[in-house]
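Everything below concerns the one structure shown next.
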Ligand code: SF4
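Right, dumping it as structure tokens:
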């Protein structure tokens, strides 16, 4: 059962049984379809449908989240608890923050286990498509969590930035360990090894900034996938959602 999400919660909040919808466009992106001009064949679409319905049966989306007050900020560094997070240009991108929210999400290990079985059975096309479904599912879950945080933040009178993850946008993967100290993965069964790889592999860790003056939408408008109807703060119409 899921707990209520308090965006300033200093104790880890666990969200389970989330009604997640896999973004089909993301699956095709992982398959290498980059533009709307790249149209899959009927065979690929049949495989795609089979893999998405298998993935939706196998996934177990869960999220853990914890907020920590910000102790100091500069152009490229956020100081929080005993950690220094080195994220290029983050001072300009996120503005003044009150706290950061660290989150870890996973769709579990069943999708990758089934994909492995399919590889071993030499059913390569379905195995590769299912692997893309797993990657798209956890991306969709991270978007879902970001939207949920924005919805909770509005109730608390603060804003939430877009998420960033170690290994992206110039943030060193090695700081994954710092992120796990801010928000441990064990409540949802996600572990980190010394090389900073997460298990299950279909997992994403992320950081958001919080505060009344936080800047939002630094790389895309969060509202475009958000399912919150009649939100008075909506900045663009919803195109589609990752909420079932
Ligand atoms: S519609 Fe936009 S502002 Fe409103 S909760 Fe969703 S993401 Fe936040």
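In my numbering, the protein residues as written are 5 to 248. We put the beta carbon where it would ideally sit given N, CA and C, even for glycine. As the structure is a prediction and not an experimental result, all values here were calculated from the model.
For residue i, three-class secondary structure by DSSP
i, result
"residue 202", "strand"
"residue 227", "helix"
"residue 191", "helix"
"residue 214", "strand"
"residue 22", "coil"
"residue 144", "helix"
"residue 5", "Any reading at residue 5 needs caution, since the residue's pLDDT is 42, under 50, leaving its predicted position unreliable; the model's value is listed next. Three-state result, residue 5: coil."
"residue 4", "Nothing about residue 4 can be reported from this structure: the residues present for the chain run from 5 to 248 only."
"residue 177", "helix"
Pick from the options that is closest to residue i, judged by C-alpha positions
i, options, result
"residue 236", "158, 168 and 175", "158"
"residue 232", "31, 28, 154 and 117", "154"
"residue 119", "111, 125 and 131", "131"
"residue 62", "35, 21, 107 and 187", "21"
"residue 94", "218, 229, 234 and 227", "218"
"residue 151", "164, 140, 160 and 142", "164"
"residue 52", "113, 105, 111 and 140", "140"
"residue 162", "101, 16 and 142", "101"
"residue 78", "97, 69 and 117", "97"
"residue 76", "103, 107, 60 and 50", "103"
"residue 226", "196, 216 and 239", "239"
"residue 81", "228, 203 and 179", "179"
"residue 47", "147, 133, 89 and 243", "133"
"residue 111", "36, 198, 23 and 86", "23"
"residue 90", "41, 50 and 183", "183"
"residue 59", "114, 74 and 35", "114"
Residue span of the beta strand (DSSP E) that contains residue i, given as start and end
i, result
"residue 87", "87 to 90"
Enclosing alpha helix (DSSP H) for residue i [first to last residue]
i, result
"residue 57", "46 to 62"
"residue 180", "180 to 186"
"residue 31", "28 to 34"
Whole-Å CB distance - residue i paired with residue j, under 8 angstroms assumed
i, j, result
"residue 137", "residue 64", "Not confirmed; about 14 angstroms, so no contact."
"residue 25", "residue 168", "Going by Cβ atoms, the distance from residue 25 to residue 168 rounds to 24 angstroms, so no, they are not a contact pair."
"residue 67", "residue 19", "4 angstroms"
"residue 214", "residue 11", "6 angstroms"
"residue 173", "residue 92", "7 angstroms"
"residue 4", "residue 188", "Outside the modelled stretch of the chain, which goes from 5 to 248, sits residue 4, for which no answer is possible."
"residue 69", "residue 16", "7 angstroms"
"residue 72", "residue 14", "7 angstroms"
"residue 143", "residue 229", "Not quite, the Cβ-Cβ distance comes to about 11 angstroms (not below 8 angstroms), so this is no contact."
"residue 50", "residue 109", "Not really, about 30 angstroms apart at Cβ, beyond 8 angstroms."
- [ ] Would you list, in sequence order, the uninterrupted beta strand (DSSP E) runs of no fewer than 3 residues that lie entirely inside the stretch 65 to 139?
- [x] The stretch 65 to 139 contains these whole beta strand (DSSP E) runs: 66 to 77, 81 to 84, 87 to 90 and 103 to 110.
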